[in-house]
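Beneath this line is the structure, given in structure tokens, with notes to follow.
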Amino acid sequence: MSSQPHENDGDWDNVADGVEHVEKRVTVSTPGQKLDGMSALVYAAFWQQKIDGRFRQAVKDVSTTILFDMIDFRPAVLMTIDNGDYTVEPVEDPATLEHAPAAFVRGRMADAVQLLGGIGPVLKALFTGKFKIRGFRKLYLLLKVLGTKEVA
Amino acid sequence: MVAGNKFDRIMTAFEHKQPDKTPAFILGGDFGFYKQFMNKVGFTPEEMRQYAKDGIMTGAPMCHAMAVKLGFDCDWVTFIAMQHFDVESRQLVDTFGSLARVVVSEAGNPHAWYNGPFLKTKESITKWWDMGRPAPFPTLLMDPAFKIQRTLMKKYDGFTLLVGMPGVYEPLHMGIGLAQVAKFARKEPDFLKEILEHNFVVQAKALDYIVKKKAPIIMCGDDYGYNEGLQINGAQWRQFIKPFLKRYVDIVHNGGAKFVLHSCGKIEELFPDFVELGIDGVHALQPKLNDLPALKQKFGDKITMIGTIDDTDLLVNGTPDQVCAAVKSMVETLGKNGGYIPGGTNFLLDATIENVQAMVATIHSTRL
């Protein structure tokens, strides 16, 4: 498994002043259910930030929903961000969602794994429209989570 | 006694000289262990900020910040080639054909599992090749590790990141299955060698890339053993695996780096071969499965022994006092004249933090 550093592109310099030690502020909320497939992948992607408090810091004022819909790897996944935490929920048929998600990514998992190959495949995927994206700012928020250097 | 920083001590151990302090190694700690670490030890906000800024807050099971905080001297990162998705079985497939699955337990802990071979017939193997696979390791995923390795070395007292990738045997049997390995070894040995050659094309490229990035120690994972003995018999290992392992070692040595093999199970009968190949260090070496004092006596001046502390029972069920006593005895037996970098024998799963802390403290404090 490759480990990756996450460069911060935001300004977080002023948020940690006066905070207590992190062990008192660790979030250990769990989904209370076994997850598999795409739901497990999405949940696992942000798990470490959830455990060590960086997720809470990055989304403390955010309440939103993001749908990940890999049409060859359904059920889709509805990620709900609220109260500095997240939950994931498998969605068998995204068309039946009562409320439209604030953001979504739709594509094929077979194409998504190709993105690991480098910048070339990423640009190709964007320009050939292999992935349909709505709510880019919400999705950017998730990237920001991975770059967060502070805890809450 | 040779004094210095963590890297100096590690290289002194590899040179079979006595470092001033025995260095400690951690392969990694899985998700549950990381959660336990955060609940019992954790990071201060200042540490978190610094570690994140330095890029060492990497994901479990290879969180370098955790290894630094726990006082280890070196840890590991290994590259994978998870580039394909099989629509029919709806599973991730690595480029050598092994299926992987990610699940989350009821306790909320993620786990990644090997889920069997994808290339179950000779036809599927040749079709895989026709599709241009195995495909090269994505350098996009490899590059950050080298920056981390330099940062750890420069800013964390010579903390040493052993960089690696899969070895020869694991990608083979995980991709096509043990049954086919056994069948081809007996009935179609040339085809088995052909598979290994196909795999080696991308493995050699990745290894070359790692070597060019000047990683000082390269550690490849290749489990050869069960608890009772080798997974394939020694003659077949020598016929099929050893020649390719030699190519691995030669690439690494030609680039000026040390070669370390991680290999679980009862593997002691392969040590003469490891010496012949020039392997610099071997990790895992479960003490209940291998006669470690005998290995030290016979090969201790040629191969650095890494790991050796039982993480299936001692670090899980023992008390810190029992851990201290066992580790002290181990260091006194195996640590004479260097050639020894102790630590757990695998990723830490359900070892207690208290026992791991006791292990590291004893490794560092035992004087020889």
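As you go down the protein sequences, you meet chains Z and U in turn.
Numbering-wise (the working numbering), the first sequence opens with residue 1 and increments by one.
Numbering-wise (the working numbering), the second sequence opens with residue 1 and increments by one.
Heads up, the beta-carbon is just placed ideally off N, CA and C, and yes, glycines get one too.
Computed from a predicted structure; not experimentally measured.
By the DSSP assignment, the alpha helix (DSSP H) with residue i in it spans what residues?
| i | result |
| --- | --- |
| U/S98 | First-last for U/S98: S98 to V104, but that is the beta strand (DSSP E), not the alpha helix (DSSP H). |
| Z/Y43 | G37 to A45 |
| U/D30 | First-last for U/D30: undefined, no H or E at that position. |
| U/K258 | Premise fails: U/K258 lies in the beta strand (DSSP E), K258 to S263, not in any alpha helix (DSSP H). |
| U/L349 | Element bounds for U/L349: n/a, residue is neither H nor E. |
| Z/A95 | That residue, Z/A95, is in no alpha helix (DSSP H); it is neither H nor E in DSSP. |
| U/S124 | K122 to D130 |
| Z/V113 | Neither: Z/V113 is in no alpha helix (DSSP H) and is coded neither H nor E. |
| U/K296 | L292 to F299 |
Could you give the first and the last residue of the continuous beta strand (DSSP E) run that contains residue i?
| i | result |
| --- | --- |
| U/T151 | Careful: U/T151 lies outside any beta strand (DSSP E), inside the alpha helix (DSSP H) at T139 to K155. |
| U/Y372 | Within the shown structure, residues of chain U are numbered from 1 to 368, placing residue 372 of chain U beyond reach of any answer. |
| U/D222 | Unbroken run through U/D222: none, as it is neither H nor E. |
| U/F184 | Not the beta strand (DSSP E): U/F184 falls in the alpha helix (DSSP H), residues L178 to K187. |
| Z/L67 | T64 to M70 |
Quick check on residue i: buried or exposed, where buried means 16 or more other Cβ atoms within 10 Å of its Cβ?
| i | result |
| --- | --- |
| Z/V151 | buried |
| U/K212 | exposed |
| Z/K24 | Unreliable positioning characterises Z/K24 in this predicted model, as indicated by a pLDDT of 34, which lies under 50. A coordinate reading is not provided. |
| U/Y340 | buried |
| Z/T65 | buried |
| Z/H6 | Low confidence applies to Z/H6: its pLDDT is 31, below 50, so where it sits in the model is not reliable, and the reading given next is rough at best. By the neighbour-count rule (16 or more Cβ atoms within 10 Å), Z/H6 is buried. |
| Z/V28 | Low confidence applies here, because Z/V28 scores a pLDDT of 40, under 50, leaving its location unreliable; read the following figure in that light. Exposed is the call here. |
| Z/Q57 | buried |
| U/V201 | exposed |
| U/E369 | Residue 369 of chain U lies beyond the residue range present for chain U, which begins at 1 and ends at 368; the question has no answer from this structure. |
| Z/A76 | buried |
| Z/T96 | exposed |
| Z/H99 | exposed |
If the cut is a Cβ gap below 8 Å, which residues of chain Z does residue i touch?
| i | result |
| --- | --- |
| U/V103 | K34, L35, D36 and A40 |
| U/E170 | Those within 8 Å of U/E170 in chain Z number zero; the least Cβ separation is about 14 Å. |
| U/M82 | V113 and L116 |
| U/P19 | Per Cβ cutoff of 8 Å: no residues; U/P19 is ~27 Å from chain Z at best. |
Sort out for me which residues DSSP pairs residue i with in a bridge.
| i | result |
| --- | --- |
| U/C74 | U/F25 and U/T160 |
| Z/R134 | Z/F104 |
| U/M305 | U/V282 and U/Y340 |
| Z/E89 | Z/L78 |
| U/D94 | U/M82 |
| U/L230 | U/G225 |
| U/P166 | U/G221 |
| U/P45 | BP columns for U/P45 are empty, so no partner. |
Along chain U, which residues have their Cβ under 7 Å away from the Cβ of residue i?
| i | result |
| --- | --- |
| Z/A110 | F85 and V87 |
| Z/Y43 | V104 and P110 |
List the residues of chain U that residue i touches, going by C-beta distances under 8 Å, in chain order.
| i | result |
| --- | --- |
| Z/I51 | Y34, K35 and M38 |
Mind listing the chain U neighbours of residue i? Cutoff is C-beta to C-beta under 9 Å, in chain order.
| i | result |
| --- | --- |
| Z/K149 | M48, R49, Q50, Y51, A52, K53 and M57 |
| Z/F73 | F85, V87 and R90 |
Residues of chain Z with a CB under 7 Å from the CB of residue i: which are they?
| i | result |
| --- | --- |
| U/A60 | Q48 |
What in chain Z is Cβ-close to residue i, meaning under 9 Å?
| i | result |
| --- | --- |
| U/F31 | A44, W47, Q48 and I51 |
Contact between the region 271 to 278 of chain U and the region 245 to 263 of chain U (3+ Cβ pairs under 8 Å): Contact between the region 271 to 278 of chain U and the region 245 to 263 of chain U is present, because at least three Cβ pairs lie under 8 Å.
The region 94 to 109 of chain U contacting the region 160 to 178 of chain U, beta-carbon criterion three pairs below 8 Å: The region 94 to 109 of chain U makes contact with the region 160 to 178 of chain U, as at least three CB pairs between them are under 8 Å.
Any 3 or more C-beta pairs closer than 8 Å across the region 20 to 28 of chain U and the region 103 to 121 of chain Z: By the Cβ test, the region 20 to 28 of chain U is not in contact with the region 103 to 121 of chain Z, since fewer than three Cβ pairs between them sit closer than 8 Å.
Sufficient close CB pairs (3 or more, under 8 Å) joining the region 156 to 170 of chain U to the region 231 to 251 of chain U: Contact holds: three or more Cβ-Cβ distances are below 8 Å.
The region 122 to 132 of chain U touching the region 67 to 75 of chain U, judged by at least three CB pairs closer than 8 Å: No, they do not touch.
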